[in-house]
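Residue numbers (our numbering): 73 to 414. Accompanying notes for the structure given below.
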Ligand SMILES: [Zn+2]
């Protein structure tokens, strides 16, 4: 179309509505100065933000982001003068990092129209860092584009949320993930089907699990821990809580996984033939669904959500997990009988 400089063909799988929305804003020259990209861990927030950074930096006349020009290539390699990535190291994103960013933002862009800053995992920023960012959000220089990603928005200051345009990424349909794993990431069909199913529509998770086998091993280990704990007394459960609380960084993905597990148990309680996420655990989930009521499964699910809230409020992890363990139903899960050929 005449006068259309930006294309909605980004190197992003899914999320078409968000891409089209931004492409319209770009073509109308109505891009906002700050976007808050949210959605479950591993859903593809960073990939999405990166593609937007490419779109605004691209040098092509038509069809931006072209993906091949100098700017697109440098952005993709985090090597572009007008693009900065800010993320926390082992701890939380700190005020010093925001101050450094503000010094950079005071300078006009060197090459492109925008100076883009991607602030990853901003839900983990310290309150001081959030306060400091507000200053930039209130009076951004005209050439600034801030892209914040966050798994959850509860821990963000309300004033940050209100000053950013929200973009909430939703899980992709399983067939879309499966097809992309095969067509673009070279997964064999069987593995693509399994990972797509387990991903819960989170493309980023699926790609990481494809490239790093230990992710799937860790997932299996976490589910086995949960299933074992269900048959344990208090003492055994508290020992597990103690062991798990030692690795704080693992708790978020662990609780996400357990949440999907209880959701499956609840769904199977309604109907034994419902398609579930953790299909490889069909046997043990079926046992649980037959042993407890739907209400009990829902109670466990709610308890996990509450634990996640506690952890975001910096409740002591050991304490939060102890309470969670008491809210899990008592069920004995027996291993699946060996299949043919095992
Ligand atoms: Zn380009």
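Even glycine gets a Cβ: it sits at the ideal position worked out from N, Cα and C.
Can you list, in chain order, the residues of its chain with a C-beta nearer than 7 Å to that of residue i? Leave out the 5 residues immediately preceding and following it.
i: residue 383; result: 323, 389 and 392
i: residue 264; result: 250, 253 and 254
i: residue 402; result: 302
i: residue 370; result: 338
i: residue 288; result: 281
i: residue 142; result: 131
i: residue 394; result: 310 and 313
i: residue 413; result: Confidence at residue 413 is low in this model, with a pLDDT of 47, below 50, so the placement of that residue should be treated as unreliable; the coordinate-derived value is given next. Answer for residue 413: no residue qualifies.
For residue i and residue j, I'd like the C-alpha separation in whole angstroms.
i: residue 156; j: residue 129; result: 12 Å
i: residue 181; j: residue 121; result: 18 Å
i: residue 381; j: residue 197; result: 16 Å
i: residue 321; j: residue 161; result: 12 Å
i: residue 315; j: residue 294; result: 12 Å
i: residue 190; j: residue 150; result: 11 Å
i: residue 372; j: residue 173; result: 42 Å
i: residue 183; j: residue 153; result: 7 Å
i: residue 163; j: residue 407; result: 39 Å
i: residue 290; j: residue 187; result: 39 Å
i: residue 352; j: residue 137; result: 39 Å
i: residue 363; j: residue 377; result: 22 Å
i: residue 346; j: residue 132; result: 48 Å
i: residue 233; j: residue 210; result: 12 Å
i: residue 192; j: residue 146; result: 19 Å
i: residue 101; j: residue 218; result: 16 Å
i: residue 281; j: residue 148; result: 21 Å
i: residue 260; j: residue 213; result: 48 Å
i: residue 176; j: residue 119; result: 23 Å
i: residue 87; j: residue 304; result: 43 Å
i: residue 325; j: residue 241; result: 18 Å
i: residue 269; j: residue 344; result: 18 Å
i: residue 387; j: residue 317; result: 12 Å
i: residue 99; j: residue 286; result: 43 Å
i: residue 144; j: residue 89; result: 22 Å
i: residue 135; j: residue 93; result: 16 Å
i: residue 272; j: residue 229; result: 29 Å
i: residue 231; j: residue 178; result: 22 Å
i: residue 335; j: residue 300; result: 18 Å
i: residue 292; j: residue 108; result: 33 Å
Whose C-beta lies closer than 6 Å to the C-beta of residue i among residues of the same chain, with five residues either side of it excluded?
i: residue 85; result: 252 and 275
i: residue 91; result: 80 and 82
i: residue 167; result: 200, 201 and 204
i: residue 375; result: 396 and 399
i: residue 103; result: 97
i: residue 227; result: 195 and 384
i: residue 409; result: none
i: residue 95; result: 78 and 80
Hey, does residue i have any beta-carbon neighbour from chain D nearer than 8 Å?
i: residue 119; result: The structure shown contains no chain D, having only a single protein chain.
Along the chain, where does the beta strand (DSSP E) containing residue i start, and where does it finish?
i: residue 155; result: 155-158
i: residue 404; result: No beta strand (DSSP E) contains residue 404, which DSSP labels as neither H nor E.
i: residue 238; result: 237-240
i: residue 217; result: 216-222
i: residue 188; result: 187-191
Using beta-carbon positions only, say whether residue i and residue j come within less than 8 Å of one another.
i: residue 225; j: residue 110; result: yes
i: residue 113; j: residue 223; result: yes
i: residue 337; j: residue 357; result: yes
i: residue 302; j: residue 140; result: no
i: residue 221; j: residue 194; result: yes
i: residue 340; j: residue 361; result: yes
i: residue 379; j: residue 398; result: no
i: residue 205; j: residue 239; result: no
i: residue 115; j: residue 245; result: no
i: residue 127; j: residue 78; result: yes
i: residue 332; j: residue 355; result: no
i: residue 215; j: residue 235; result: no
In terms of residue numbering, what span does the alpha helix (DSSP H) encompassing residue i cover?
i: residue 322; result: 320-342
i: residue 390; result: 389-399
i: residue 369; result: 366-384
i: residue 199; result: 199-210
i: residue 106; result: Counting along the chain, residue 106 falls outside any alpha helix (DSSP H), though it belongs to the beta strand (DSSP E) covering 106-110.
i: residue 83; result: Note, residue 83: premise wrong, no alpha helix (DSSP H); not H, not E.
i: residue 161; result: Note, residue 161: premise wrong, no alpha helix (DSSP H); not H, not E.
i: residue 251; result: 246-257
i: residue 299; result: 285-302
i: residue 128; result: 117-129
i: residue 261; result: 261-271
i: residue 176; result: 167-177
What does a CB cutoff of less than 8 Å around residue i pick up in its chain, not counting 5 residues either side in sequence?
i: residue 368; result: 401
i: residue 247; result: 268
i: residue 74; result: Model confidence at residue 74 stands at a pLDDT of 41, short of 50, so the residue's coordinates are unreliable; what they give is reported in the following sentence. Closer than 8 Å at the Cβ level, and outside the excluded window around residue 74, lies no residue.
i: residue 342; result: 366
On the premise that residue j lies in contact with residue i, defined as a C-beta separation below 8 Å, what is that separation, rounded to the nearest angstrom?
i: residue 123; j: residue 237; result: Not confirmed; about 16 Å, so no contact.
i: residue 330; j: residue 298; result: 6 Å
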